[in-house]
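Asker: Residue 12 in full-length UniProt numbering sits at position 12 of the sequence shown, with consecutive numbering throughout. Beta carbons: idealized from backbone N, C-alpha and C, even for Gly.
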Amino acid sequence: INERWEALREESNANIQSEEGILKRQTRSIQTEGHFGDIKENESFRRFNYRSAEKVYKEFMLYAIGRNILKYHRFLHHEIEKYEGKKEQKAA
1 INERWEALRE ESNANIQSEE GILKRQTRSI QTEGHFGDIK ENESFRRFNY RSAEKVYKEF
61 MLYAIGRNIL KYHRFLHHEI EKYEGKKEQK AA
């Protein structure tokens, strides 16, 4: 067994189990699921126009670029805010 690989694996597990790692995993899962759900439901994107893997990749990248430009535009006009994790609730 490669000792370097074992060290990297232990470091990775420590990062994943850290408080920051847990927050990043939660944020990533929330953001990813939301995007695909939004694409399917609100944008009615159900099928690709092309069938080859290369063309599907290009089509999706163009769609993602357009979506990111729209998101950036909304951010600049203060329609959305940057998500930085769950905010703590203040006790009443």
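Just the C-alpha distance for Gln-31 and Arg-25, rounded to the nearest angstrom, thanks.
Answerer: Gln-31 and Arg-25: Cα-Cα distance of roughly 10 Å.
Asker: Alpha carbon to alpha carbon, how far is Gly-37 from Glu-11?
Answerer: Going by the C-alpha atoms only, they are around 33 Å apart.
Asker: In three-state DSSP terms, what is Glu-43?
Answerer: Of the three classes helix, strand and coil, the one that applies to Glu-43 here is coil, per DSSP.
Asker: Could you tell me the distance, in whole angstroms, from the CA atom of Phe-45 to the CA atom of Ser-18?
Answerer: Going from the Cα of Phe-45 to the Cα of Ser-18 covers about 37 Å.
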